[in-house]
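Reading through the structure tokens given below for one structure.
Protein chains: 2
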Amino acid sequence: MAKIADRYFTVDPWTVSEAGFDPKHGRVAESIFSLANEYSGARGFFDEDYTGDSLISSYFNGVYEYGAEDPSIQYAGIQKRGHFMVNADNWLAMSLEIDGERLDLHQATVSDFTRQLDLRNGVLTRSFVWELADGRQVKLTFTRFISMVDASSAYQQVTLTPLNFSGSATLTSRVDFDTRHGADPDPHWEDVRDFNELTAFGILGKTRTSRKRVFTLAKVSFTGVTPTTSTPLDQTRVVGTAYELPLTANEPLTFTKQVTNIVEKDEAVANDAIWQRGLTTSADQADYAAALKTQTGYWDDFWAKNDIQIDGDVADQQGIRYCIFQMAQTYHGQDPTNNIGAKGLTGEAYGGLAFWDTETMCLPFYLFNDLKAAKNLVEFRYSTLDAAKRRAKMVDCEGASYPISTINGDESTSLWQHANTQLQPSTAVAYAIWHYAHLSDDTAFLNTHGIEMLVEISRFLYSRGAWNRKHEFSFYGVMGPDEFQVMTNHNAYTNYMALKTFEFTIETAQHLAKTDPATYADLVAKTGVSDEELANFQDASDHMVFLGDTNGMIEQQQGFYDLPHIDVDKIPVTDFPLYDHWSYDRLFRNDMIKQPDVLMFQFLYNQDFTARSKRLNYDYYTPRTIHESSLSPSIHSILAQELHKFDDAINFFGFATRMDLDNFNRNTRDGLHTTSIAAAWLNIVYGFGGLRSDGPELILNPGLPASWQGYQFRINYRGANIQVKVTAETVTLTATKPTTLTLYGKETTLQETPLNVALPAAWRAK
Amino acid sequence: MAKIADRYFTVDPWTVSEAGFDPKHGRVAESIFSLANEYSGARGFFDEDYTGDSLISSYFNGVYEYGAEDPSIQYAGIQKRGHFMVNADNWLAMSLEIDGERLDLHQATVSDFTRQLDLRNGVLTRSFVWELADGRQVKLTFTRFISMVDASSAYQQVTLTPLNFSGSATLTSRVDFDTRHGADPDPHWEDVRDFNELTAFGILGKTRTSRKRVFTLAKVSFTGVTPTTSTPLDQTRVVGTAYELPLTANEPLTFTKQVTNIVEKDEAVANDAIWQRGLTTSADQADYAAALKTQTGYWDDFWAKNDIQIDGDVADQQGIRYCIFQMAQTYHGQDPTNNIGAKGLTGEAYGGLAFWDTETMCLPFYLFNDLKAAKNLVEFRYSTLDAAKRRAKMVDCEGASYPISTINGDESTSLWQHANTQLQPSTAVAYAIWHYAHLSDDTAFLNTHGIEMLVEISRFLYSRGAWNRKHEFSFYGVMGPDEFQVMTNHNAYTNYMALKTFEFTIETAQHLAKTDPATYADLVAKTGVSDEELANFQDASDHMVFLGDTNGMIEQQQGFYDLPHIDVDKIPVTDFPLYDHWSYDRLFRNDMIKQPDVLMFQFLYNQDFTARSKRLNYDYYTPRTIHESSLSPSIHSILAQELHKFDDAINFFGFATRMDLDNFNRNTRDGLHTTSIAAAWLNIVYGFGGLRSDGPELILNPGLPASWQGYQFRINYRGANIQVKVTAETVTLTATKPTTLTLYGKETTLQETPLNVALPAAWRAK
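Just so you know, the protein sequences line up as chains A and B, in that order.
Numbers 1 to 766, taken from the numbering used here, label the letters of the first sequence in order.
Numbers 1 to 766, taken from the numbering used here, label the letters of the second sequence in order.
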């Protein structure tokens, strides 16, 4: 199945732009031009009225609504009512009218249209000349940004220059809570309280079912003009003002809107308190110019520490920078009750829900970018431990079962074949605790929140698994990452991840008991963990079923080798996506793999397996894998690079950095593939860079794809910023403080002084 | 799990009755007192107004409505919109009022209440004395029956005797299409046209979504009184008349309502044509007395040919007669577009849908009772062959895939884990064709409709199954009758039934090609069947995977022996029904069996297996079986009897005949377990009687349970009525014409002259 680029945006190392507006790409551009700061996000929709196809959406991280209960679900243990990140208010909303003619790019005549996102400061700029029906022309420039430093602040500026006439215009600026969620068009917001003082207005909105509140305040100012009249709006769930503006030919005027968004997720907080907080925050808000300066400083600093440079492929260069930019926008550890939805804050698809992608795909980016952000991702799971314990009870198990998909910690998926059989969300949390603790040495976390989660997860796994009559422990009726195999037994992924979870739980608990008996006593008091229970975990771990041979070849699940074979390369392109074109059960009765099971855990716990085992499994499973998950190719690319299969490595890398920029899956209109964006970063740093973080010390085996002249990346590790620069001949490494790691199999200490090493021939793709 | 009787009805060999009315048993009694004649059915609800808990339902076989499309289904190949047998008009509806006081047993004071169903004539009688608030008393007797001979005819009679006063009463009689379906309370019927001539009234109703029409006409007459006034009703979807009746103390008066119900399933028929047919049919209708005489004659004749007598247990005697009575009421081959819903025509549960129970559980009753009825059951599947072909396409297969549940031939089940993985509806149709053809010698059917279905079913099976790399044929991702094992491979039931289907298809096709080339040419023209395709079926059959050993012990599916064991006897009673109390996935990850897979096909194709194989499998699977299907115990009982495990045989028989009379499952309120009723018949005739019909000739091995003194049953076979009478010492057999069969392993010819054989000690339970 060949994926084909649909290139629309201009290729440039530091910007993403379109020259001219093609409405057919309207929704794709809205997704691509999304701005966010973890706290909130807004798609790149037009500020002014637009009657063409558009998804006007703004989101606040963790602000969700409940769906209707599904009456078709009649069995126990199945989640009947999901939740989803709800479309919130349009704080950019405005209209522009000149003598009764309203600006609407669906109908207006415009020229010189450009739209550009600058990755160096996160500012989205759009400009064009609007020609009215009678030939009068107005030049318009719109800018917006959401502060990465001051979470509640966002800014909009519009500059208007009448080119060939004088007269007047009406500019209406609004805070609009009357938005509609595309998938559920009933209004989700109530106007709890609002105000309108003509140059300042706002609404305290509340969601219908989840009682989350957002208070949006706008402060409006003009330069180069004074409104002749200001008329307040009177609409349901909308506040704002219409300003009558005198226009003088060729004299620009500027409208500036400073927005404050206050999110309150706690029902106990009084409306008055939110109201006051909003007013105070708004009063203290930096002005546009000052905020823009701070914003630019933030991104300068960010790129200095986290940039990846690719020499020899501008498209990949742009792609990876766009990925890093969107990762940082989506999440940077601002709040431990936030997480990373499958589409970030850029669209409605997957309901804004977070999956186990967070721990397996996204976490490494933060581990090597900002440990505090990484910690907050792990703390998110601690903050939802109670929900995971409730879920475990719901499925007749003990301990804590983490959800397949969630915003608030509760399982949101009603599909039992996923929610009740996929144990990887729980084992991924254990993996994340281990990965974070291992790279951070944060024993304080590990010995409290970390071990508490580990005990509850192991307890869940032990109760969900079972002993067979040969005293072997295994999991029955489970689905691994390969979602084309439903209800399997002895699934290698599930079993291996459970084994690692048991072992890390035992090791951590026993170490704590020995080194810090008082804290261990707290754990016992809190969880009831006992030596006997740890012994059970050990027993299960010691007798875990693995279907493999002495060469290290692993059978994905009981019966996998026996499944009928289909040649995935012969499936017609028109059959994709398979879920839409194949009878559901047909997906499940052959040896086709959606995304890898065995290769996945051989990536996650890479050092546990011999090269021979990895090669055998790669060679067997790769031709059977259809990559219906956008995360799948990067894992194959990383392992291919490790196995010196350089053609595979670059082929699987393929569209990784440009999945959305080139709309490879033709669904970027619904939002960005945020977790694939994380996989693209992995693909360069773990793939071509050869980073491994699962051994006792960091491993680096940088290689170079044949099509690149060179590349460099930076990672932050134990207080040092490490730069790895690769050219065709040389690998140059620096670290801002002395850092020891294994480079090409040899213990090496990096320093500020560059270390130059010849790129080994074995790692140079031909 | 012990099931406990909730005995409420009086035990009697020929009647079912209640003495006194207990509203707590109101809905159970409504189900038990259901009347039907295949064409239509009505629960035993009260004729007059009743404000207590009640399910006022009448049904017409094959008259269904569509449910709403399920928006949660997003995958291909899954049925999104089901259908269900819809509650139709209440043609018994009436009110009785005396001086403003309305009869309502929820509030009225009554004495001497009795209700009785007479199995000898199918008449339901109810009588009581109603005491008004001021002490005035009225004796009331209600009778009703639905004609078994004249499908569209039904009768109601009410006799009223004022015991201690004279005065007047208002009796209102109605045809009421304003009924509500319990599970979907919107009105489902439109009043297309109606009339009201005071002593005759009717409505031609049409269902909203399926456009089925029912024309109900009532003719009303009085004896012993002449109404002083007759006032027509004016209500939506209701016609009728209120009659003012003078009352004279101790002088009975009788109200008689003759009802004609005309069902039209064909949309093409004009309303006028239905209207005229209704009027003509009503005009020709027999009166109450004549109809009752015909009805009694029908049942006299029926019982003479089909009765089972049990000597030594009146409760079982009543139970089995009730079962036979309800089977005959529900279905007797009146129309090949009818089938047998899981609840017959007695309630809403399971949506009135027919399952594969029809072919496996119900068909044998008709094969030995009325071959024409049996043929019509098989012809039902031919009449829905096109729907089965559409369904096969929908699941990306070829040929014909018969639905899990249906009224109109389309799949009605949206649960993919059943509808897309259970192949037993299709193999059951093949089994039924074979069973019918084998017992009837109806080669005309077999060589036309029969072989056409067989080819299409085999084609489906061949396309749904697959070859593995060892050139073995099997089915992957399937569920056998044991619905506690989802998505299994190498399921023994599926594979064995498919093998038998392939073999019978090949045998029938090849025999036809040889003996009747012209008819075979028709088949080829119609189905495109070829020698190559038959060779494929043969190849699949020859290389079908069976996981078994040389002793005949069969593994239910790949990996079954390896499943964690749970002791089903230790599951607390409060956990039942498990679907309500266990997390859905928990049902699926152990070796607990819902209903038997291996034992089931060893029952269906009984002669194919050695006694040793049957014993080994019985001993292994029985302790693992939880019998969450009400069909399950009878299969175990039948095999236990064959294996001379007499304690098991009688224990599993247990509640079979009285499942509903004693409300063992506590859900008889929702309707009768019609297919379990069929299983009870099987349990006696195939179980204790030792009948086997899958060999070249009939086999009989009658035994006697220890708790019975004796029993006798009758079966119709190749034009003979055979009576088998068993006492503690002797088995006596007669046949109305000479019939050869195998009795206790010896070829024996039965005649009109009784043949007395000593009951072998080996078959006598101690």
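C-beta: ideal position from N, C-alpha, C; glycine also.
With distance defined between alpha-carbon atoms, name the residue in A:Trp275, A:Leu292, A:Thr228, A:Arg277 nearest to threonine 256 of chain A.
Comparing Cα positions, the closest option is A:Leu292.
Are lysine 24 of chain A and phenylalanine 664 of chain A touching if we call contact CB-CB under 7 Å?
Cβ distance not < 7 Å, so lysine 24 of chain A and phenylalanine 664 of chain A don't count as in contact.
When you compare the CB of isoleucine 78 of chain B with every CB in chain A, is at least one pair closer than 7 Å?
So yes, isoleucine 78 of chain B belongs to the interface.
DSSP state of lysine 206 of chain B, grouped into three classes?
Reduced to three states, the DSSP call for lysine 206 of chain B is strand.
Can you list the residues of chain D that arginine 586 of chain B reaches, using a CB-CB cut of under 8 Å?
The structure shown has no chain D; the protein chains it does contain are A and B.
Report the CB separation of serine 541 of chain B from glutamate 503 of chain B in whole angstroms; it is logged as a contact under 8 Å.
With a Cβ gap of about 6 Å, serine 541 of chain B and glutamate 503 of chain B count as contacting.
Within 10 Å of its beta-carbon, does histidine 106 of chain A have 16 or more other beta-carbons around it, so buried, or fewer, so exposed?
Looking at its Cβ environment, which holds fewer than 16 other Cβ atoms inside 10 Å, histidine 106 of chain A is exposed.
List the residues of chain B whose Cβ lies closer than 7 Å to the Cβ of arginine 469 of chain A, in chain order.
Under the 7 Å cutoff, chain B gives His565.
Since alanine 19 of chain B and threonine 159 of chain B should fall inside the 8 Å C-beta cutoff, what is the C-beta to C-beta distance between them, to a whole number of angstroms?
Incorrect: roughly 19 Å between the Cβ atoms, too far for contact.
Using 8 Å as the Cβ pair cut-off and three pairs as the minimum, do the region 741 to 760 of chain A and the region 77 to 86 of chain B touch?
With a cut-off of 8 Å, the region 77 to 86 of chain B and the region 741 to 760 of chain A do not count as touching, because too few Cβ pairs lie within range.
What are the complete alpha helix (DSSP H) segments, minimum 4 residues, inside the region 6 to 59 of chain B?
Whole alpha helix (DSSP H) segments, 4+ residues: 26 to 32.
Less than 7 Å between the beta carbons of glycine 689 of chain B and proline 702 of chain B, yes or no?
Contact flag set, yes.
Between aspartate 284 of chain B and chain A, is there a C-beta pair that is closer than 7 Å?
Taking Cβ atoms only, chain A never reaches closer than 7 Å to aspartate 284 of chain B, which makes this a no.
In terms of alpha-carbon separation, which member of A:Asp134, A:Ile146, A:Phe195 lies closest to alanine 42 of chain A?
Measuring from the Cα of alanine 42 of chain A, the nearest candidate turns out to be A:Ile146.
Please classify glutamine 424 of chain B as buried or exposed, where buried requires at least 16 neighbouring CB atoms within 10 angstroms.
By the neighbour-count rule (16 or more Cβ atoms within 10 Å), glutamine 424 of chain B is buried.
Would you list the one or two residues that DSSP bridges to proline 162 of chain A?
DSSP lists A:Val138 as partners of proline 162 of chain A.
Beta carbons nearer than 7 Å to chain B: which residues of the region 183 to 208 of chain A have them?
Taking 7 Å as the Cβ-Cβ cut-off against chain B, none of the residues of the region 183 to 208 of chain A qualify.
Which residues of chain A have a Cβ atom closer than 9 Å to the Cβ of glycine 559 of chain B, listed in chain order?
Result: Tyr476, Asn489, His490, Gln558, Gly559.
Just to confirm, are threonine 209 of chain A and glutamate 348 of chain A a CB contact at a threshold of 7 Å?
No, the pair does not count as a contact, with Cβ atoms beyond the cut-off.
Within 10 angstroms of the Cβ of aspartate 176 of chain A, are there 16 or more other Cβ atoms? Answer buried if so, exposed if not.
By the neighbour-count rule (16 or more Cβ atoms within 10 Å), aspartate 176 of chain A is buried.
In whole angstroms, what separates the C-alpha of glycine 122 of chain B from that of leucine 363 of chain B?
Cα to Cα, glycine 122 of chain B sits roughly 23 Å from leucine 363 of chain B.
DSSP three-state label for serine 463 of chain A, please.
Reduced to three states, the DSSP call for serine 463 of chain A is helix.
Leucine 439 of chain A: which of A:Ala720, A:Arg120, A:Asp118 sits nearest, CA to CA?
It is A:Ala720.
Roughly how many angstroms separate the alpha carbons of arginine 321 of chain B and leucine 117 of chain B, rounded to a whole number?
In a straight line, the C-alpha of arginine 321 of chain B is about 12 Å away from that of leucine 117 of chain B.
Could one say the Cβ of tryptophan 416 of chain A lies closer than 7 Å to chain B's Cβ atoms, at least one of them?
Yes, contact with chain B.
Using a Cβ-Cβ distance cut-off of 7 Å, determine whether tyrosine 66 of chain A contacts chain B.
No, its Cβ sits nowhere closer than 7 Å to a Cβ of chain B.
Of the residues A:Ala525, A:Gly548, A:His418, which one's Cα is nearest the Cα of glutamate 452 of chain A?
Comparing Cα positions, the closest option is A:Ala525.
Hey, would you say lysine 219 of chain B sits closer than 7 Å to glutamine 258 of chain B, going by beta carbons?
Yes.
When you compare the CB positions of alanine 685 of chain B and phenylalanine 713 of chain B, do they come within less than 7 Å of one another, or not?
Before going further, note that residue 685 of chain B is valine rather than alanine in the sequence given. Yes, they are a contact pair.
Under 7 Å Cβ to Cβ from valine 429 of chain A, same chain only, skipping five residues before and after it: list those, please.
Taken in chain order, the residues that qualify are Glu359, Arg381, Tyr402, Met453, Ile457.
Against chain B, with Cβ distances strictly below 7 Å, would arginine 390 of chain A count as a contact?
Closer than 7 Å: no.
Going by C-alpha distance, which of B:Val486, B:Lys375, B:Tyr561 is nearest tryptophan 416 of chain A?
With distances taken between Cα atoms, tryptophan 416 of chain A lies closest to B:Val486.
I want to verify the contact list: residues of chain A whose CB lies under 9 Å from the CB of tyrosine 579 of chain B, in sequence order.
What tyrosine 579 of chain B touches in chain A: Gln74, Tyr75, Ala76.
Taking 6 Å as the limit between beta carbons, can you name the residues of its chain near tyrosine 436 of chain A, skipping five residues before and five after?
If we look at tyrosine 436 of chain A and ignore the five residues flanking it on each side, its Cβ neighbours are Ala374, Val378.
Going along the chain, which residues of its own chain have a beta-carbon closer than 6 Å to the beta-carbon of isoleucine 650 of chain B, five neighbours each way excluded?
Hits under 6 Å: Pro705.
Does the beta carbon of aspartate 6 of chain B sit closer than 7 Å to a beta carbon anywhere in chain A?
So no, aspartate 6 of chain B is outside the interface.
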